Amino acid sequence: MTRGHWSKLLIALLALPALLLPAASLGYILWRAGPVLDWAFVSSADEGMGFGVASGILPQLTGSLLLAFSACLLAAPVALGCALYYQLCAGTGRRGILLILLQMLQGIPPIVFGLAGLLIFVYLLDWGVSLASGAVVLAGVVLPLLTVNVIDALQRLPTHYSESARSLGLRDGELIMRVWLPMAWPGILTGLLLAMARALSETAPILFTATVFSGAGWPDSIFEPVTTLQTHVFYLAQEAADEQAVATAWGSAAVLVGVVLIFALLAQCLRRMSGSRSD
Amino acid sequence: MNTQINIESRQRTQAASSSLQVRGLSLRLDGRVVLRDVTLQLPATGITTLIGPSGAGKTSLLRCLNGLLEHWQGEVRIAGKDTRQWPGGWDALRRHVGLLGQKPCVFPLSIRANVVFGIQGFWRRRRAAARVEHYLRQAALWDEVAERLQQPAQRLSIGQQQRLCLARALAVKPRMLLLDEPTASLDPTSKHLIERSIGRLANELPVLWVTHDLEQARRLGGQVVFMCEGRIIEQGASEAFFRRPQRLESREFINWQVCDCGGPS
Ligand SMILES: Nc1ncnc2c1ncn2[C@@H]1O[C@H](COP(=O)(O)OP(=O)(O)OP(=O)(O)O)[C@@H](O)[C@H]1O
Ligand SMILES: [Mg+2]
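Chains as they are written, first to last, in the numbering used here: chain A, 1 to 279; chain B, 1001 to 1265.
Okay, here's the thing in structure tokens:
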């Protein structure tokens, strides 16, 4: 073997865990979830007083989606505003400050968000453990990610479009509405999908602020709690003695991974498509 | 004291008759000096050609005049008004001073939408659709695109895109035109058509025309401004400039070009 072969082999060996680990964990989850995973599991609700141990996870699935969607809905305008502000103050020191703030926000552990949310929204504002509290806290968690993605989408627009528009005398508002948003929307949507995936996988921020163990269905108002897949897995896993509960936990985990993957893959597809279009 | 007032009033009347007055304009980009103490006057109407070697700062000067670059030192007065205190701000200034960029850049929209892109207000854009033909004719493009106004503008050739950009700049109805090599990638026929139509426009408004084509500069007549390394080296009537350039740099520049073309020396 030549030296080139050896180095290639070494690189392949080092890269192996990166390939094997996701595949293995996905396979393991599916294998454990296999016994309970069927259409009825996903499409039926909690019957009776089983605390969700032995029944379908429809309320949890809808709760997760509802919470994540509300969080993104709240975060989107703020993220867009931040990103547009960032773009408009090109060449000034304010850009750096905004980036540092975003990084700081990203560096806060999600559980701290959960605690702050508990204090501020649940107790201080008296919203209770509810969809509203959870959505606001979760919005805070995904905000930096979303903002960075929207900034990225705007930055990837060729600068000569902005320049031509400016040289024609377009004002900032017109530039945004007629050049930036129409051209950057695929990137912005990609960011939203990634934020959805992130919001769906967060547990700590909603643990104290939005969810109850079981018995909550589709909430009647935004001030009612929901149940989610993430926290469902968390609660069920604590019942390690109960085999049925563990099986349901694995099933829920598989569904959660599936939903997150769908959003992440959609985002990737959109990124590919918009990438090839602008070439 | 009296003389002071006299000088000032004379300067003011000069400013009124000349459309553009640049005094001591300097510009740095990324720490490099790009323009040094540029002083320039444009008459109220007519074409002024700006020539000079590549990298001389012609494009940068045009971008300063139109306000695309905002961080320069010195003073620019248009129709007697300081551009830094332009009523309505830089956006209004850019509508007043049309700039045709060196690289054509059309928006990923239809040809028609591109022509009216710079017009403000949705309804005014809709109404301007009727005048699209007028602007495209001024840019010598109408005959080629008359049948396909709804097609994407990005399918046009580079030369066609350049003319579309000219039509787009004209549609804003600027009161002054800055053209950065508007005929760089055009065939002789389109070149002449554009020279004619801009020549007609120049009866009413001042035009500053950057070109590398000395034959064209000669044809356009009017004034010639020669720039080199961010400085204005020489400035004068076209005929005199080409017959007897005063400065060594301009003489060399003209002679090189003539030798390069293999034309009469
Ligand atoms: N954005 C920028 N950042 C830094 N330097 C720049 C920038 N734009 C232009 N320059 C520099 O300024 C100088 C003048 O450039 P400019 O484009 O004005 O030249 P030009 O006379 O238009 O040349 P050409 O005839 O090739 O178009 C060049 O040396 C260029 O490197
Ligand atoms: Mg140039």
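Positions of the beta carbon are idealized from the N, C-alpha and C atoms, including for glycine.
All of these numbers come straight from a predicted model, not from anything done at the bench.
Neighbour flag for residue i against chain A, beta carbons, 9 Å
{"i": "B/S1019", "result": "no"}
{"i": "B/Q1073", "result": "no"}
{"i": "B/D1091", "result": "yes"}
{"i": "B/H1134", "result": "no"}
{"i": "B/C1165", "result": "yes"}
{"i": "B/H1212", "result": "no"}
{"i": "B/H1096", "result": "yes"}
{"i": "B/K1103", "result": "yes"}
{"i": "B/L1050", "result": "no"}
{"i": "B/V1172", "result": "yes"}
{"i": "B/G1244", "result": "Inspection of the sequence shows that residue 1244 of chain B is occupied by Arg rather than by Gly. Chain A, which has no Cβ nearer than 9 Å to the Cβ of B/R1244, makes this no."}
{"i": "B/A1169", "result": "yes"}
{"i": "B/G1118", "result": "yes"}
{"i": "B/P1108", "result": "yes"}
{"i": "B/L1156", "result": "no"}
{"i": "B/N1255", "result": "no"}
Enclosing alpha helix (DSSP H) for residue i [first to last residue]
{"i": "A/G117", "result": "P110 to G117"}
{"i": "B/I1158", "result": "I1158 to A1171"}
{"i": "B/V1115", "result": "I1111 to V1115"}
{"i": "B/A1237", "result": "Per DSSP, B/A1237 belongs to no alpha helix (DSSP H); it is in the beta strand (DSSP E), R1231 to A1237."}
{"i": "A/E163", "result": "T159 to S167"}
{"i": "B/Q1151", "result": "Per DSSP, B/Q1151 belongs to no alpha helix (DSSP H) and is neither H nor E."}
{"i": "A/G191", "result": "L181 to S201"}
{"i": "B/W1123", "result": "F1122 to A1128"}
{"i": "B/G1055", "result": "Here B/G1055 belongs to no alpha helix (DSSP H), and DSSP marks it neither H nor E."}
Start and end residues, beta strand (DSSP E) containing residue i
{"i": "B/F1226", "result": "Q1223 to C1228"}
{"i": "B/L1042", "result": "R1032 to P1043"}
{"i": "A/G96", "result": "Counting along the chain, A/G96 falls outside any beta strand (DSSP E), though it belongs to the alpha helix (DSSP H) covering R94 to G107."}
{"i": "A/D242", "result": "Note, A/D242: premise wrong, no beta strand (DSSP E); not H, not E."}
{"i": "B/D1180", "result": "M1176 to D1180"}
{"i": "B/T1049", "result": "G1046 to I1051"}
{"i": "B/R1077", "result": "W1072 to I1078"}
{"i": "B/L1099", "result": "V1097 to L1100"}
Inter-residue spacing [alpha-carbon to alpha-carbon] between residue i and residue j
{"i": "B/A1167", "j": "B/A1139", "result": "5 Å"}
{"i": "A/Y85", "j": "A/L102", "result": "13 Å"}
{"i": "B/D1091", "j": "A/L65", "result": "44 Å"}
{"i": "B/E1147", "j": "A/S167", "result": "28 Å"}
{"i": "A/L265", "j": "A/A249", "result": "24 Å"}
{"i": "A/T203", "j": "A/V233", "result": "10 Å"}
{"i": "B/P1206", "j": "A/D152", "result": "41 Å"}
{"i": "B/I1194", "j": "B/A1237", "result": "22 Å"}
{"i": "B/H1096", "j": "A/R94", "result": "30 Å"}
{"i": "B/R1247", "j": "B/G1067", "result": "31 Å"}
{"i": "A/L10", "j": "B/M1227", "result": "59 Å"}
{"i": "B/T1045", "j": "B/G1199", "result": "10 Å"}
{"i": "A/I57", "j": "A/T231", "result": "12 Å"}
{"i": "A/A184", "j": "A/A267", "result": "14 Å"}
{"i": "B/Q1160", "j": "B/N1255", "result": "32 Å"}
{"i": "A/R272", "j": "A/R156", "result": "13 Å"}
{"i": "B/E1144", "j": "A/A79", "result": "44 Å"}
{"i": "B/V1172", "j": "B/A1184", "result": "22 Å"}
{"i": "A/L14", "j": "B/Q1150", "result": "54 Å"}
{"i": "A/V112", "j": "A/L37", "result": "34 Å"}
Distance between beta carbons of residue j and residue i, contact taken as under 8 Å
{"i": "A/L35", "j": "A/A45", "result": "According to the sequence shown, residue 35 of chain A is Pro rather than Leu. Incorrect: roughly 20 Å between the Cβ atoms, too far for contact."}
{"i": "A/A199", "j": "A/L138", "result": "5 Å"}
{"i": "B/L1035", "j": "B/L1020", "result": "At roughly 15 Å, the Cβ-Cβ gap does not stay under 8 Å, so B/L1035 and B/L1020 are not in contact."}
{"i": "A/L105", "j": "A/L143", "result": "7 Å"}
{"i": "A/A247", "j": "A/V226", "result": "Their Cβ separation, rounded to whole angstroms, is 23 Å, which puts A/A247 and A/V226 out of contact at 8 Å."}
{"i": "A/W127", "j": "A/F213", "result": "19 Å between Cβ atoms; not a contact."}
Chain B within 9 Å of residue i, Cβ atoms only
{"i": "A/S274", "result": "no"}
{"i": "A/L168", "result": "yes"}
{"i": "A/R94", "result": "no"}
{"i": "A/R156", "result": "no"}
{"i": "A/M183", "result": "yes"}
{"i": "A/R171", "result": "yes"}
{"i": "A/A153", "result": "no"}
{"i": "A/R178", "result": "yes"}
{"i": "A/A344", "result": "What the structure shows of chain A is the stretch from 1 to 279, and residue 344 of chain A is not part of that stretch, so it cannot be assessed."}
Check whether the stretch 1125-1138 of chain B touches the stretch 120-137 of chain A, taking contact to mean three or more Cβ pairs, one atom from each stretch, closer than 8 Å. Using a Cβ-Cβ distance cut-off of 8 Å, the stretch 1125-1138 of chain B and the stretch 120-137 of chain A are not in contact, since fewer than three pairs of beta carbons, one from each stretch, lie closer than that value.
If you pair each beta-carbon of the stretch 63-78 of chain A with each one of the stretch 140-151 of chain A, do three or more pairs fall below 8 Å? Verdict: yes, contact present.
Below 8 Å, how does it come out for the stretch 1217-1236 of chain B and the stretch 1247-1256 of chain B: are there three or more Cβ pairs, yes or no? Between the stretch 1217-1236 of chain B and the stretch 1247-1256 of chain B there are three or more inter-stretch CB-CB distances shorter than 8 Å, so the stretches are counted as touching.
Say whether the stretch 1154-1169 of chain B touches the stretch 1096-1105 of chain B, bearing in mind that this needs 3 or more beta-carbon pairs closer than 8 Å, one atom from each stretch. A contact exists between the stretch 1154-1169 of chain B and the stretch 1096-1105 of chain B.
Is the stretch 1040-1055 of chain B in contact with the stretch 1204-1218 of chain B, if contact means three or more CB pairs nearer than 8 Å? Result yes; three or more Cβ-Cβ pairs closer than 8 Å.
Assess contact between the stretch 1163-1179 of chain B and the stretch 155-173 of chain A, defined as three or more Cβ pairs (one per stretch) separated by less than 8 Å. Is contact present? Yes: at least three Cβ pairs fall under 8 Å.
Between the stretch 183-197 of chain A and the stretch 253-264 of chain A, do at least 3 Cβ pairs fall closer than 8 Å? Yes: the two stretches touch, three or more of their Cβ pairs being nearer than 8 Å.
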